[in-house]
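In the working numbering, each residue carries its 1-based index in the sequence shown increased by 3. Heads up, the beta-carbon is just placed ideally off N, CA and C, and yes, glycines get one too. Heads up: the structure comes next, in structure tokens.
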Amino acid sequence: MQIQFLGHAAFALEHDGKTVLIDPFLTGNPKATVTADEVDADVILLTHGHGDHLGDTVAIAQRTGATVVAIVELAGELKESGVENIVDPNIGGTADLGFVTARLTPAWHTSTTPSGTVNTPAGFVIEMGDKRIYNVGDTALFSDLALPARRGHIDLAIVPIGGHYTMDRFDAVTAAELINADQIIPAHYDTFPPIETDAQAFKADVQNAGFAEVIVLAPGESHTLR
Ligand code: NI
Ligand code: MN
């Protein structure tokens, strides 16, 4: 599987000719290396409705016909906005799209969309190919980050480290211990001044503690998960 970092909290997972986009905030994202007009998508996973995650979801879904997975209140707004293919689980529920499944997990954060729809933020446990990826979403540090690994081995986790709106890089080290993944990709940092941080220091702290291998991706870079 190829995991491409699209900047901020946006990722593209590619496996077997299928593309899963996560939180495709591209227009207005100072770190984006692709535009909303040029990304592929079969499925779009939305952790929550803040503008830096909802992003270009409606335009990309309308152009590509991608199925959007979002928590039920956010899904309702997307339907009103003209997105045709939607799966609307709540926390704990799993969307099964055939080649990929995505289970919503809790995240400690807030969320209202730019249009005003209040929605509960979530993370995702994603199973695709024979890999399991835990994208914890925008969240503070909390102990239940340890729970998904009890159900099944986590190959890779995506973790925010920028602070201010989410956990910072120090709490993210504790999160790395709890999540118990083989590999971690840091996200949600250096996009805007309030969330500037030192990703290489996070990498050193996590790896020196022996919690996981950390892969720091520049926007546009890809990681091959074997
Ligand atoms: Ni947010
Ligand atoms: Mn955010």
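Pairwise C-alpha distance: residue j and residue i
i: F214; j: F205; result: 11 angstroms
i: K21; j: D43; result: 9 angstroms
i: D17; j: I187; result: Checking the sequence shown, residue 17 turns out to be Glu, not Asp. If I take the Cα positions, the gap works out to 17 angstroms.
i: K82; j: A175; result: 35 angstroms
i: P92; j: L150; result: 19 angstroms
i: P196; j: A190; result: 15 angstroms
i: L24; j: Y137; result: 14 angstroms
i: F102; j: D201; result: 36 angstroms
The ligand MN heavy atom lying under 7 angstroms from the CB of residue i
i: D55; result: yes
i: A64; result: no
i: Y168; result: yes
i: A12; result: yes
Beta-ladder partner(s) of residue i, from DSSP
i: H18; result: K21
i: Q7; result: A15, S225
CA nearest to the CA of residue i, picked from the options
i: T115; options: P33, E76, I129, V46; result: E76
i: H112; options: G119, T104, G126; result: G126
i: A12; options: E130, A78, D208, I198; result: I198
i: V46; options: G52, G68, A62, G31; result: G68
i: G119; options: H53, L228, P222; result: H53
i: Q203; options: R172, L57, G101, A152; result: R172
i: T97; options: N88, K134, L48, T177; result: L48
i: G165; options: A184, R154, G140; result: G140
Bounding residues of the beta strand (DSSP E) (the contiguous stretch that carries residue i)
i: I136; result: 134-138
i: L48; result: 46-48
Limits of the unbroken alpha helix (DSSP H) element including residue i
i: L81; result: 75-83
i: E199; result: First-last for E199: undefined, no H or E at that position.
i: I63; result: 60-67
Closer than 7 angstroms: residue i CB and nearest the ligand NI heavy atom
i: H112; result: yes
i: D59; result: no
i: D141; result: yes
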